[in-house]
Each structure stands twice: as structure tokens, then as C-alpha cells.
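Residue numbers (our numbering): 193 to 349.
Okay, so here's the structure we're looking at.
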């Protein structure tokens, strides 16, 4: 990890950069019933909708390095906790450009999400990650994230 500083700002006119990182979300072993191209298309559609419509509970931030290069992004959503009814901050998407991996971008984006959550009186920061995404799971675990609910699935043909 380097001590590089990152500017994290609301996304604007960054759609191409953000959408180009979508394949990073399936760059690992997926569950057998998931098709890579379907996952990519679903994520791309969802992100495009959030970027175009800018729903009131959705916030997309872009990280830039000291040279002004875009190095990653995070998509946060303010949600309501099922059990308590309090607000949570959900990390819907987080991606780092491949050439900037291992430079602290992911850590900086998570820290930004946590600061944003505190500022918006959220109880928890939540996220979902595929079991096979070891790179992301290691990042989240190093930042102190633990299992809360475990989602299970079974295809029914």
C-alpha cells in the first residue's frame, strides 16, 4: 500500500469509466448457475439506471489519484434495515481500475462509504459479495466487515 491521496467526488460525466469496470465484478469463479454475460449485463443495466435517473437514495462516487486520473468508483445506497427500521448505507458496487489495484484505492473508497454513513446517521454499512470473489472479500474483511446474513440459492428447473 502506498500513501497516495485520493480525491473522492460525486460522479458526473464518468459513465464510460464506471461502466468499463463492470467486468471486474465477475472476474472470478461464479456459482455454477450464474452466467458471466448475464451478470455483466444486469450490473451494467442497474448502474446505467442509477447514473441516468439519479434516484434520491443512490450516490455514485469516483476516486481520482493525485494526477487527476480516475482510479475507481463506489456506488452507495441509503436503505432501511429490515430488523430495526433504521437507515443503513449499502455498498452496491465498488471497483478499482486494474492498474491501480493494491494502491489503497479500495480501502479509501470503503473509508469514504463509512464516513458518508456516519454523516447520514446510518446504523450499518452493508454489502453483498460472491463467495468466489476472494480479492473483494479480503479487502472487506481487512476493513472489519463480518457476515450478517447469508443468502443461499438453488436453481429450480
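Using N, Cα and C, we set each Cβ at its ideal position, and we do this for glycine too.
Which same chain residues, not among the five before or five after residue i, have their C-beta less than 8 Å away from its C-beta?
i, result
"residue 347", "225"
"residue 275", "none"
Quick check: what's the CA-CA separation for residue i versus residue j?
i, j, result
"residue 300", "residue 260", "15 Å"
"residue 308", "residue 323", "26 Å"
"residue 296", "residue 349", "43 Å"
"residue 254", "residue 227", "28 Å"
"residue 294", "residue 264", "12 Å"
"residue 200", "residue 302", "11 Å"
"residue 177", "residue 327", "Because the chain is modelled from 193 through 349, residue 177 falls outside the range shown and cannot be assessed."
"residue 207", "residue 334", "29 Å"
"residue 245", "residue 213", "20 Å"
Verify whether the separation of the beta carbon atoms of residue i and residue j is less than 8 Å.
i, j, result
"residue 318", "residue 285", "no"
"residue 279", "residue 312", "yes"
"residue 325", "residue 220", "yes"
"residue 291", "residue 209", "no"
"residue 298", "residue 331", "yes"
Give me the Cβ distance between residue i and residue j, rounded to the nearest whole Å; I'm assuming they're in contact under 8 Å.
i, j, result
"residue 217", "residue 287", "7 Å"
Output needed for residue i: all residues of its chain with C-beta closer than 7 Å, excluding positions within five of it in sequence on either side, in chain order.
i, result
"residue 305", "266, 268, 281, 283, 317"
For residue i, which residues of its own chain have a beta-carbon under 6 Å away from its beta-carbon, when the five flanking residues on both sides are left out?
i, result
"residue 271", "280, 282"
message: Measuring CB atoms only, is the segment 246-255 touching the segment 229-238, in the sense that at least three cross pairs come out at less than 8 Å?
response: Verdict: no, contact absent.
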